[in-house]
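Below: the structure, in structure tokens.
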Amino acid sequence: MYDIGKYQEATTVEEALRYLHDDPGSRIIAGGTDILINVREGKDMGVHLVGIQRINPLRKIIVNREGTLSIGPLVTFTELEENELINKYVSYLGQAGGTMGGPQLRNIATIGGNICNGATSADSASMLFCLNARLHLRTKESERTIPIQDFYLGPGKVDLKSGEMLTEILIDRIDYQGFAGKYTKFSQRKALDIATIGCSLMLKIRKNIIEDLRLAYGVAAPTPVRCCNAEQYAVGKMVTLEVAKTIGMKALEDVSPRDSWRGSKAYREQLIQELAQRAVMELLDQGGKKDA
Amino acid sequence: MEFRIVGENVPRKDAVAKVTGKARYTRDMGMPNMLYGKVLRSSITHGRIKSMDIHKAESLKGVVKVLTPFNTKCHNFPTAGHPYNLDPNHQDIADRNVLTDWVRFYGDEIAAVIAEDEFSAKKALKMIDVVYEELPFYLDPEEALKEGATEIHEGSKNVVGHNRFTLGDIDIEEAFDQADFVYEEVLEVKPVQHCQMENQVAYAYVEGNGRLVVVTSTQIPHIVRRILSSALNMPVGNIRVIKPIIGGGFGNKQDLVLEPLVAMMTLAVNGRPVLLDMEREECITSTRTRHGARFYMKTGLRKDGRIIAKQLKVYGNGGAYAAHGHAVIGKMGGDFYRLYPAEKAVEYESYTAYTNCSVAGAMRAYGTPQITFAFEAHMDNIALEMDIDPLVLREKNMVQKGFVDQLTGVPILTCGLPEIISKGKEYIDWDKKRKQYSAQTGDKRRGVGFALFGYRTSTYPVCLEIGGARIVMNQDGSVQLQMGATEIGQGAATVFSQMAAETIGIPYEMVHFEEFTDTDVVPFDPGAYASRQCYVSGKAVRKAATEVREKILKRASGMLKIQQFALDVQDGNIIRADNGEVLCHVGKIALDAFYNRTDADTITADVTEVSDTNCIAFGGCVAEVEVDIPTGRVEIMKVLNIHDSGKIINPVLAEGQVHGGMSMGLGYALSEVMLYNEKTGAPRNNNLLDYKLPTLMDTPRLDVLFVGENDPTAPYGNKALGEPPAVPSAPAIRNAILHATGVKVNKLPMNPQTLFEYFCAAGLI
Chain A
63 MYDIGKYQEA TTVEEALRYL HDDPGSRIIA GGTDILINVR EGKDMGVHLV
113 GIQRINPLRK IIVNREGTLS IGPLVTFTEL EENELINKYV SYLGQAGGTM
163 GGPQLRNIAT IGGNICNGAT SADSASMLFC LNARLHLRTK ESERTIPIQD
213 FYLGPGKVDL KSGEMLTEIL IDRIDYQGFA GKYTKFSQRK ALDIATIGCS
263 LMLKIRKNII EDLRLAYGVA APTPVRCCNA EQYAVGKMVT LEVAKTIGMK
313 ALEDVSPRDS WRGSKAYREQ LIQELAQRAV MELLDQGGKK DA
Chain B
397 MEFRIVGENV PRKDAVAKVT GKARYTRDMG MPNMLYGKVL RSSITHGRIK
447 SMDIHKAESL KGVVKVLTPF NTKCHNFPTA GHPYNLDPNH QDIADRNVLT
497 DWVRFYGDEI AAVIAEDEFS AKKALKMIDV VYEELPFYLD PEEALKEGAT
547 EIHEGSKNVV GHNRFTLGDI DIEEAFDQAD FVYEEVLEVK PVQHCQMENQ
597 VAYAYVEGNG RLVVVTSTQI PHIVRRILSS ALNMPVGNIR VIKPIIGGGF
647 GNKQDLVLEP LVAMMTLAVN GRPVLLDMER EECITSTRTR HGARFYMKTG
697 LRKDGRIIAK QLKVYGNGGA YAAHGHAVIG KMGGDFYRLY PAEKAVEYES
747 YTAYTNCSVA GAMRAYGTPQ ITFAFEAHMD NIALEMDIDP LVLREKNMVQ
797 KGFVDQLTGV PILTCGLPEI ISKGKEYIDW DKKRKQYSAQ TGDKRRGVGF
847 ALFGYRTSTY PVCLEIGGAR IVMNQDGSVQ LQMGATEIGQ GAATVFSQMA
897 AETIGIPYEM VHFEEFTDTD VVPFDPGAYA SRQCYVSGKA VRKAATEVRE
947 KILKRASGML KIQQFALDVQ DGNIIRADNG EVLCHVGKIA LDAFYNRTDA
997 DTITADVTEV SDTNCIAFGG CVAEVEVDIP TGRVEIMKVL NIHDSGKIIN
1047 PVLAEGQVHG GMSMGLGYAL SEVMLYNEKT GAPRNNNLLD YKLPTLMDTP
1097 RLDVLFVGEN DPTAPYGNKA LGEPPAVPSA PAIRNAILHA TGVKVNKLPM
1147 NPQTLFEYFC AAGLI
């Protein structure tokens, strides 16, 4: 039982942007796995929706000549996990998406929706932070490309302007080439759950020395968050258990988890340290790098 | 006893209907012209309604009527699915009305909308303005029982019930003085919820002849009928209750939750059909829960590990209404006393308190999972302190065959405990692993743990145990088996049919069982609760089937001109008892019974059987866990439930029953808990995202073993199996965690956050 005031369905980006422009209060529905829950709970009763599910160009994953990976916002998590290009270049992004909900949800929920919903717990978001993803946003009249870090404003709040739509997620070659990566979702259940802490790690190692390391968390702050202190510390270090532990501890300087009934601050801090440390050691075991 | 059909893996009667989607649940049906009801639930935890404005809601298009506590009239009623007690002093507490102006928990029912469609009904709820006057609230039973606490029910002092008993020749304190070792501690379990797949749902209407019909997903149709009669002041005979196929109950439907309200709704609209279909959020908050409890436990032992004195004081969290009253917490006394009888003295005292939590009621195994967690944890703590193997401690103390329960007079005639221990030890390689895991360091540590329990099969002698069965033979010799006992997914229709087929001597396929339980049709039986139906109602099946068999043989004897004692019924045929020669099919006898011009007399039996025995099922769980200390996560490496439930009527169904119980036990152990906002009393996690019911991904391989012998008091050698599987997993896992880490976790659930706190306190993190 959903109280939906109006529904318009677009088949092209331009059409969608026109609907959004003409009805400024309206909202985009893609997979619907967030918005319909809100409507059912009575939070967005009478909402005006613009459906974009049939805009096929938004489902594409391509690599251009420069090696920039472009992911359409309508790509579902199942598609992301199974996509050849994703598996070739950023398999850990697919793996992160594969921890969402359950199979039915992953078949319908989209990566664009995950980002635009603005939740710190979004399983794809912290990895996109590591990947320095850029978001291409369009309105009827204008377009812009911004780093994902700038898009997240606060809990559930993103820099999506009235009439604006996410049309592309971009990742440059320099941001994935030579990296190994791993997403660790720590949640109470192994499926159908939200993360207590989500930890995204990317690591580039040469001769056991850390050439580059990127670390980001979900649920460790009001938005997904990159850990610059930990990253700066790590570069140039020889990987040992001690170094891995210190990376975990340094990460605490960059995060601000809170006490809630879903988990205490102390417990989240414990996980933040522990998950980073484990991920570093695990990626080291895997060789710490991948040919690009 | 040798059986031909009992003990066989015959397919479920409803298997095909369920897998093809043809099975009809309440929500699959409904009526033409049906209206939809929605309930307005309180948004405070304790207080009075000062005023309620329904004008806006009433004027919304599609709204037919808005019911409030001020415009409805209904007698206070009890809700528990107990047999009626003729002694007014022992009747269930009638503290409930359909709608209330005294809010007692967050989510209490304060108004209801009837509308042409669900959408309008839901919309109208938001248009009702309520002004409250708030009162202090209590989420903890001991807080609610404190002197001067605000009463949740007038005159109750917040006591739902209290009981106390002492057993033994000497005073408990004297017995403790004689002990070489006394161990005392506090343990705690929190409320959890059934989360049965199908939420409560019902619809009601009034027939042209003025009779009220309520179609409801209930475990207890005949009891619903009686309680509706007293709530609505309507003769029982004017009420018809129909139970369709059910998507689970686990005790949550052993209470009247929405039936009085849906009945009131149809009566308010001249008998037009009204549907009330609860949403999951409502179901978690506003139906029933498993009682939380705090246990103050003290045990005295001799040097050799024999228990000489046991003392327990329990404070149970009854929630906002009495529901099952003190029965759940009171029952724990018997479990506490019976499994490890103390040599000298036992003292048990318990309170059930009214609190402003969701209402506690019956949930699979009715108090036994709670007390078993507490006492089995206590046993392992004692074993650790005394440096004894926990199984040796149990073997020295556990109850044996021949024991007579002093509280009930029920003797233990069969007891599989020794076999449960030996089989469990073998499965987990106990002796080796207890040693191997005794001195671990590092982040990941393993441990093995065991827990035992005893479980009384029916409620006798606490309650009346009565069962009814009617068997009507068809013209082809097949039979209709009609019972008030209910199929609620557990397989009752199948096993009752096996029993009837066994005793009559016809194939299983020739027994037909209508899963719709209609109080206009089926004989009286209080329904599915305890683990009673196979045992109590099974006796009624045996009695009716025996009568039918006698009638078949008598008629066959006359038709075949062979003396009755020389005949037998087997596999649907009349045979010679001595050499098995097939003489004719039962269909021939049936046809004669219907149409013999001089001697027609159809073959039927309609019986009631009162069960005045009881028996104790036993069981245990053994588990191996790996504890990830820095994250507080527990992985279950191996887990086995072993059950002595006497004769297993249908092993495949029984195994399924055990799997479900173990899953429930694992959730109880590691993740499930109902959380309330301490500042407001509002539920935190009344949805299946935040209420951590384990998923299949969280569930390890579940191993099952049955042991034991046929119980002589039972109709087919069978003892309880419905509820027991949910009992032992939590304490077994808890004891394995103790073995792995040396940390005594004395509360549930043992989720990562809780274990993190315990491990920090113990210096492991």
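So the protein sequences, as listed, match chains A and B. Each residue of the first sequence is one higher than the one before, counting from 63 in our numbering. Each residue of the second sequence is one higher than the one before, counting from 397 in our numbering. For each residue, glycine too, the CB sits at the ideal point set by N, CA and C.
Among the options, nearest to residue i - alpha-carbon criterion
i          : options                                         : result
Ile401(B)  : Lys649(B), Phe732(B), Thr998(B) and Glu898(B)   : Glu898(B)
Gly1118(B) : Gly1056(B), Glu1153(B), Gly477(B) and Phe892(B) : Gly1056(B)
Gly1113(B) : Arg938(B), Ala1157(B), Ile884(B) and His590(B)  : Arg938(B)
Glu1005(B) : Gln929(B), Tyr1087(B) and Gly458(B)             : Gln929(B)
Asp234(A)  : Arg340(A), Leu197(A), Glu143(A) and Gln339(A)   : Leu197(A)
Pro344(B)  : Ile862(B), Val1103(B) and Leu456(B)             : Only positions 397 to 1161 of chain B appear in this structure, which leaves residue 344(B) out of reach.
Thr882(B)  : Gly923(B), Ile703(B) and Val844(B)              : Gly923(B)
Thr422(B)  : Leu456(B), Leu671(B) and Ala511(B)              : Leu671(B)
Gly667(B)  : Tyr599(B), Val1021(B), Gly688(B) and Asp449(B)  : Tyr599(B)
Val1030(B) : Lys840(B), Gly863(B) and Asn559(B)              : Lys840(B)
Gly968(B)  : Thr1009(B), Glu905(B) and Lys957(B)             : Glu905(B)
Glu203(A)  : Ala184(A), Gly225(A), Gln211(A) and Ala195(A)   : Gly225(A)
Leu431(B)  : Asp1040(B), Ile1025(B), Thr853(B) and Leu663(B) : Leu663(B)
Below-7 Å beta-carbon distance, residue i vs any chain B residue
i         : result
Ala354(A) : Since pLDDT at Ala354(A) reaches only 37, below the 50 mark, its modelled position is unreliable, and the value read off the structure follows with that caveat. With 7 Å as the cut-off, Ala354(A) does not count as an interface residue toward chain B.
Glu203(A) : no
Leu254(A) : yes
Met300(A) : no
Gly175(A) : no
Met63(A)  : yes
Gly325(A) : yes
Arg330(A) : no
Gln250(A) : yes
Glu336(A) : yes
Ala72(A)  : no
Contacting residues, own chain, Cβ-Cβ under 6 Å from residue i (five flanking each side not counted)
i          : result
Leu531(B)  : His442, Gly443 and Thr546
Phe533(B)  : Thr441, His442, Asn752 and Gly1077
Ala779(B)  : Pro786 and Leu789
Asn179(A)  : Asp96
Gly339(B)  : In the structure displayed, chain B extends from 397 to 1161; residue 339(B) sits before or after that span and is not available.
Asn1082(B) : Glu677, Ile680 and Thr681
Ile623(B)  : Phe473 and Leu652
Chain E contact for residue i (CB, 7 Å cutoff)
i         : result
Gly180(A) : This model lacks chain E altogether, as its protein chains are A and B.
For residue i, the first and last residue of its enclosing alpha helix (DSSP H)
i          : result
Met343(A)  : Lys327 to Asp347
Gly1057(B) : Pro1047 to Leu1066
Asp84(A)   : Val75 to Asp84
Gly643(B)  : Note, Gly643(B): premise wrong, no alpha helix (DSSP H); not H, not E.
Gln894(B)  : Ala888 to Ile900
Nearest-angstrom Cβ-Cβ length linking residue i and residue j, presumed shorter than 8 Å
i          : j         : result
Arg492(B)  : Gly647(B) : Going by Cβ atoms, the distance from Arg492(B) to Gly647(B) rounds to 17 Å, so no, they are not a contact pair.
Arg500(B)  : Ala716(B) : 4 Å
Ala749(B)  : Gly712(B) : 7 Å
His687(B)  : Pro807(B) : Not quite, the Cβ-Cβ distance comes to about 29 Å (not below 8 Å), so this is no contact.
Thr1091(B) : Arg251(A) : 5 Å
Leu98(A)   : Arg200(A) : Actually they are not in contact, since the Cβ atoms of Leu98(A) and Arg200(A) sit about 24 Å apart, beyond 8 Å.
Proximity test, Cβ basis, 7 Å: residue i and chain A
i          : result
Gln596(B)  : no
Ala1080(B) : Just to set this straight, residue 1080(B) is Arg in the shown sequence, not Ala. True, the Cβ-Cβ gap to chain A drops below 7 Å.
Leu1144(B) : no
Pro1026(B) : yes
Leu1067(B) : Before going further, note that residue 1067(B) is Ser rather than Leu in the sequence given. It does; some Cβ of chain A falls within 7 Å.
Where the beta strand (DSSP E) through residue i begins and ends
i          : result
Pro814(B)  : Not the beta strand (DSSP E): Pro814(B) falls in the alpha helix (DSSP H), residues Leu813 to Ile824.
Glu530(B)  : Asp525 to Glu530
Lys1034(B) : Arg1029 to Asp1040
Cutoff 7 Å; reference residue i; Cβ partners in own chain excluding five residues on either side
i         : result
Ala419(B) : Asp410, Ala413 and Ile641
Same chain, Cβ closer than 8 Å to residue i, five either side skipped, listed in chain order
i         : result
Arg607(B) : Asn634, Ile635 and Arg636
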